[in-house]
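Input: a single structure, listed below in structure tokens.
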Amino acid sequence: MGPVLQIENLTKRYGKNKTAVDGLSLEVCAGDIYGFIGQNGAGKTTTLRALAGILAFDEGEIRICGHSVRKEPVKCKAEMAYISDDPDLYDYLTGIQYINFIADIFGVNEEVRAERIAKYAEMFRIAGDLGSLIGSYSHGMKQKTAIIGALVHDPKLLVLDEPFVGLDPEAAFKLKEVFREMCARGAAIFFSTHVLDVAEKLCNKIAIIREGKLVANGPIEEVRGGEGLEAVFMEVLGSDAR
Amino acid sequence: MRAKWALLFKIQWMGLTGINKARHAGGRTGRRLALTAAAVGLVAAVLVFFVAMLALSFCRAGLGGMLPAFSVAAASLAVFVFSLLRGPSLLFAAKDLDFTLALPVTRRAVVAARLLCSYAVNALFTLIVALPAAVVYFVCEGFSWTVLGTLALALPCAPLLPLAVAAALGTGVAALSARLKHKNLLQSVLGIALFFGAMAASFAFSFGANADTGALYNALVKFYPPALLVAKTANEGAAWGVFAFAGASLAAAALFVWAAGACFTQIASALAARAAGAGYKRGDVRASSAFAALVKREFKRLFSSSAYLLNAAAGVLLLLLGAVALLFFDIGAMAGELPVPQRGGAGDLFACMGAGVMAVMQCMSCPSASALSLEGKSRGLLFSLPLSAGQILLAKAVPTFALDAGAGLLFAASLCRSCGAGAAVWALCMAGAVLFAAMAAAGGIFLNAKFPKYDWKQEVQVVKNSLPVTVTVFAGMAFGIGVAVLTAFAGVWALAAACAASLLLCALALAALPRRALHWEA
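Here the protein sequences come in this chain order: A and B. When we follow the numbering used here, the leftmost residue of the first sequence carries the number 25, and every step to the right adds one. When we follow the numbering used here, the leftmost residue of the second sequence carries the number 16, and every step to the right adds one.
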């Protein structure tokens, strides 16, 4: 089985002088929980936005389940879900209207969506608020709503930018459970984080990006090489790729 | 050290005009700003021409002496109506409200900065209206230091009073509706009611004036009595008049800042507070097609914002009012006695000309011209969904088409009935109602896709002041006026040509829409 996500030589420039992502290549396979770490401004969000089909890129290729993001964006997006670091949802919809909207776009039938919404709404303890306008939600509630919207169509690839920011400890724990459950079913998770501890305990693979370039990448044991992830991270920030 | 209100004003002004962004971002952003400035300049040039022609007609009618007071009154009324359209958003819609309220500044400084921002825009508008009139006055009536001094003092003050009154009404609406569940809808309804109240009053005076320039002047200053103070100085040399005008304007603005500052936090907090804690029922989970879901979301967006709805509904409501008003007029009988040398007679001719007016109103209501820009920061969510650009943009055009076509069909039917139009004119007017609406919807979304503005701080920056909205409204006005004028000469053939042209423009706009994907960068 081919990789769920394949990034080849991705390059994204802003203007003439700023190269945000520089020749980045990696593969995420079914069952992977892939952590993507780097400093602020290293190019994580740019990479995630490019593979979500939101941001046009200058060079390289991104394939999701074999489809090119550049040539077949709709097919790619149908296989994945993306949650940004700032869940700027539609304040004028209620939580349930938002999730219904996402389910309609992905063509999830009524029975299946009802079952999944009930399951995840209970799991994240937000069922009692889904009838309220999103504008009244806290950051964490918006994040939970965005997560349910992403899970309602059971994507093959889940791409998340800082997914644990704003979540309460119980919800963060549940989300990690969901990640493991999805991967056990053959899906893949690719997410950025600044919390090295989470990455170390949750991920089976890690990529570290510095100034737009991948400086470490692979199974976590290989990247770590007997050290803690924090030590490796600090080391690669000061040196070139291992 | 600069006053805090001045610092707040500077920040807001930079956000409103985009000058700072263009300076630092350069490239495409700078070119886009230059293009917007060119479009605004073109609109200003048209306005200057129109005002100069009107001023000349005053002078030819021997009423040149009334021009200073007339220009002040006309500009003030326009400022009042446009500010009223902004409603509560004038003070409370900015995205930086929480940030601003957390700063160590007084509430009155916040109110003053926001009022000053609106004042700066309206002062520019006032100058565009009043300066050509002043030039015509000096050319036709001769130069006068008294009039120059009067205008120099009166014009900068002119926007203050109408702006303060409109802002007070908007704040009042916000305060009254803040704790209600459907406050956005209520604010929109109240705003529309205020807008149409002002329009109805102005029409009443215009009808009373009987389209005669002298009577028009009397009606206008009757509707806006402070302009008489300007006339006292300009025409009678009584210096106290203009000083009283300036004093009243400044006092009104100061009073508003003082009063609104006192209750600003309470209203802002009440507006921000929303009822939470409502669960959902199994019945809330309903499936529909992706396109239907997109369209539903567009309608919800339209009704979620008073500024958006007010700008989108003005033309539609005027059409509906027109349709109702026409039920009580038999234009066919009134025009029957006119010697119109055309097949079908005066009734057909007036129906065709009325179709031009319909096109103006339809293009005035064009939410599609700002629908994409309104995605703002949350555009990433929409663009990451498995939807083609075509699906997204077409869904955004649907509310404009539905509202404009619906109101247009009612207006056209009422117009044709009132004019006693023949079958061909009936068919063309009904087709025009649909085709003009389609042209407005497609043209609006085409321009918005071409020139999106996502980095707004207040919705009004895109629903009222953005390039696509300005171009759509003014191009629509030019189109509609062109239809009305051409039908006066070529009758039904001109209307047929207009229908064909709108079909062609609509097809071109739809064909030029981006197909594959929309991206984060504008």
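Virtual Cβ for every residue (Gly too), placed ideally from N, Cα, C. These numbers were taken from a predicted model, which means no experiment stands behind them.
Residue from Met454(B), Ala249(B) and Thr165(B) with nearest C-alpha to Gly79(B): Position 64 of the second sequence, counted from the start, is the residue given in the question as residue 79(B). Checked all of Met454(B), Ala249(B) and Thr165(B); the closest Cα to Gly79(B) is Ala249(B).
Which residues DSSP lists as bridging Ala240(A), in chain order: The residue given as residue 240(A) occupies position 216 in the first sequence. DSSP, once it has assigned bridges, lists Ile232(A) as partnering Ala240(A).
Status (buried if at least 16 other CB within 10 Å, exposed otherwise) for His163(A): In the first sequence, the residue the question calls residue 163(A) occupies position 139. Looking at its Cβ environment, which holds fewer than 16 other Cβ atoms inside 10 Å, His163(A) is exposed.
Neighbour-count burial assignment, Lys101(A), 16 or more Cβ in a 10 Å radius: The residue labelled residue 101(A) in the question sits at position 77 within the first sequence. Buried is the call here.
Beta strand (DSSP E) segment containing Met104(A), residue limits: Numbered from its first residue, the first sequence carries residue 104(A) at position 80. Residue range Met104 to Ile107 is occupied by the beta strand (DSSP E) that includes Met104(A).
Whether Leu106(B) touches Gly185(B) by CB criterion (8 angstroms): Stepping through the second sequence from its first residue, residue 106(B) is reached at position 91. Stepping through the second sequence from its first residue, residue 185(B) is reached at position 170. Taking C-beta atoms as the reference points, Leu106(B) and Gly185(B) count as a pair closer than 8 angstroms.
Contact residues within the segment 400-421 of chain B, judged by C-beta distance below 7 angstroms to chain A: Residues Leu400, Pro401, Leu402 and Ser403.
Contacting residues, own chain, Cβ-Cβ under 7 angstroms from Thr165(B) (five flanking each side not counted): For the purposes of this step, residue 165(B) is taken as residue 150 along the second sequence, with counting starting at 1. Exclusion of the five residues before and after Thr165(B) leaves Pro83, Val245, Thr248, Ala249 and Val257 as the residues of its chain whose Cβ lies within less than 7 angstroms of its Cβ.
Asp111(B) - containing alpha helix (DSSP H), residue span: Here residue 111(B) refers to the residue found at position 96 when the second sequence is read from its first residue. Premise fails: Asp111(B) is in no alpha helix (DSSP H) and is neither H nor E.
Beta-carbon contacts of Cys89(A) that lie in its chain and below 7 angstroms, excluding the five residues immediately before and after: Translated into positions along the first sequence, residue 89(A) becomes position 65. The answer, listed in chain order, is Val28, Glu103 and Lys180.
Short-range partners of chain B found in the segment 96-110 of chain A, where Cβ spacing is below 7 angstroms: Going along the segment 96-110 of chain A in chain order, one finds Pro97, Val98, Lys101, Ala102, Tyr106 and Ser108 with a Cβ nearer than 7 angstroms to chain B.
Contact set between Phe203(A) and chain B, taken where Cβ atoms lie within less than 8 angstroms: By one-based count along the first sequence, residue 203(A) stands at place 179. At a beta-carbon threshold of 8 angstroms, none of the residues of chain B lie near Phe203(A); the nearest stands roughly 19 angstroms away.
Inter-residue spacing [alpha-carbon to alpha-carbon] between Lys19(B) and Thr280(B): Here the question's residue 19(B) lines up with position 4 in the second sequence. Here the question's residue 280(B) lines up with position 265 in the second sequence. Distance between the alpha carbons of Lys19(B) and Thr280(B) is about 17 angstroms.
Alpha helix (DSSP H) segment containing Ile213(A), residue limits: Position 189 of the first sequence, counted from the start, is the residue given in the question as residue 213(A). Premise fails: Ile213(A) lies in the beta strand (DSSP E), Ala212 to Ser216, not in any alpha helix (DSSP H).
Contact set for Phe461(B): own chain, Cβ-Cβ below 7 angstroms, skip 5 residues either direction: By 1-based counting over the second sequence, the position of residue 461(B) is 446. The answer, listed in chain order, is Ala524, Ala527 and Leu528.
Residues near Gly252(B) by beta carbon distance below 8 angstroms, same chain, minus five either side: Taking the first residue of the second sequence as 1, we reach residue 252(B) at position 237. Within the same chain, and ignoring the five residues on either side of Gly252(B) in sequence, the residues whose Cβ sits closer than 8 angstroms to its Cβ are Thr161.
Three-pair Cβ contact test at 8 angstroms for the segment 185-205 of chain A versus the segment 120-135 of chain A: No: the two stretches stay apart, fewer than three of their Cβ pairs being nearer than 8 angstroms.
Proximity of Arg234(A) and Gly62(A) at Cβ, strictly below 8 angstroms: Locating residue 234(A) in the first sequence gives position 210, where the first residue counts as 1. Locating residue 62(A) in the first sequence gives position 38, where the first residue counts as 1. Pairing Arg234(A) with Gly62(A) gives a Cβ-Cβ distance under 8 angstroms.
Residue-chain proximity (Ala261(B), chain A), Cβ-Cβ < 8 angstroms: Counting from one through the second sequence, the residue named residue 261(B) turns up at place 246. Not an interface residue.
Buried or exposed by the 16-neighbour rule on C-beta atoms within 10 Å, applied to Tyr323(B): If you number the second sequence from 1, residue 323(B) lands on position 308. By the neighbour-count rule (16 or more Cβ atoms within 10 Å), Tyr323(B) is buried.
Chain A contact for Ser385(B) (CB, 8 angstroms cutoff): Taking the second sequence and counting its residues from 1, the one referred to as residue 385(B) is at position 370. Not a single C-beta of chain A is nearer than 8 angstroms to the C-beta of Ser385(B).
Reference Ser388(B); option with closest CA among Tyr469(B), Leu334(B) and Ser429(B): The count along the second sequence starts at 1 and reaches residue 388(B) at position 373. Out of Tyr469(B), Leu334(B) and Ser429(B), Tyr469(B) has the C-alpha closest to the C-alpha of Ser388(B).
Proximity test, Val478(B) beta-carbon vs the ligand ADP heavy atom, cut-off 7 angstroms: Looking for the ligand ADP in the displayed structure turns up nothing, as the structure carries no ligands at all.
Cβ distance (whole Å) where Val125(B) is taken to contact Thr141(B) below 8 angstroms: What you label residue 125(B) is simply residue 110 of the second sequence in a count that begins at 1. What you label residue 141(B) is simply residue 126 of the second sequence in a count that begins at 1. For a cut-off of 8 angstroms, the C-beta gap from Val125(B) to Thr141(B) is around 24 angstroms, too long to register as a contact.
For Leu69(B) and Val12(B), the rounded distance between their alpha carbons: With chain B running from 16 to 537 in the structure shown, residue 12(B) is simply not present.
Run of the alpha helix (DSSP H) containing Arg394(B), from where it starts to where it stops: By one-based count along the second sequence, residue 394(B) stands at place 379. Here the alpha helix (DSSP H) through Arg394(B) covers Arg394 to Phe398.
Euclidean distance between Cα positions of Leu157(A) and Val331(B): Residue numbering aside, residue 157(A) sits at position 133 when the first sequence is read from its first letter. Residue numbering aside, residue 331(B) sits at position 316 when the second sequence is read from its first letter. Going from the Cα of Leu157(A) to the Cα of Val331(B) covers about 28 angstroms.
Near-chain B residues of the segment 139-159 of chain A - C-beta to any C-beta below 9 angstroms: Of all residues in the segment 139-159 of chain A, only Ile141, Ala142, Ala145, Ala151, Gly152, Asp153, Leu154, Gly155, Ser156, Leu157 and Gly159 come within less than 9 angstroms of chain B when Cβ atoms are compared, listed by chain position.
Asn41(A) at chain B interface by Cβ criterion, 8 angstroms: The count along the first sequence starts at 1 and reaches residue 41(A) at position 17. Output row for Asn41(A): interface = no.
Min CB distance Ile230(A) to chain B below 8 angstroms: Along the first sequence, read from residue 1 onward, the residue named residue 230(A) stands at position 206. Taking 8 angstroms as the threshold, the shortest C-beta distance from Ile230(A) to chain B does not fall below it.
Reduced DSSP category for Gly84(A) - H, G, I as helix; E, B as strand; rest coil: Position 60 of the first sequence, counted from the first residue, corresponds to residue 84(A). Gly84(A): strand per DSSP, three-state reduction.
Neighbouring residues, chain B, relative to Ala76(A) (Cβ below 7 angstroms): Within the first sequence, residue 76(A) is the residue found at index 52, counting from 1. Going along chain B in sequence order, the residues near Ala76(A) (Cβ under 7 angstroms) are Ser399.
Under 7 angstroms (Cβ pairs) to chain A, residues found in the segment 245-277 of chain B: Only those residues of the segment 245-277 of chain B whose C-beta falls short of 7 angstroms from the nearest C-beta of chain A would be listed, and there are none.
Rounded distance between the beta-carbons of Ser216(A) and Glu259(A), thought under 8 angstroms: What you label residue 259(A) is simply residue 235 of the first sequence in a count that begins at 1. What you label residue 216(A) is simply residue 192 of the first sequence in a count that begins at 1. Not quite, the Cβ-Cβ distance comes to about 20 angstroms (not below 8 angstroms), so this is no contact.
Contact check, Leu34(A) vs Gly84(A), beta carbons under 8 angstroms: The residue labelled residue 34(A) in the question sits at position 10 within the first sequence. The residue labelled residue 84(A) in the question sits at position 60 within the first sequence. With respect to the 8 angstroms criterion, Leu34(A) and Gly84(A) are classified as neighbours on the basis of their beta carbons.
Minimum Cβ-Cβ distance from Lys315(B) to chain A less than 8 angstroms: For this step, residue 315(B) is matched to residue 300 along the second sequence. Among the CB atoms of chain A, one or more fall inside 8 angstroms of the CB of Lys315(B).
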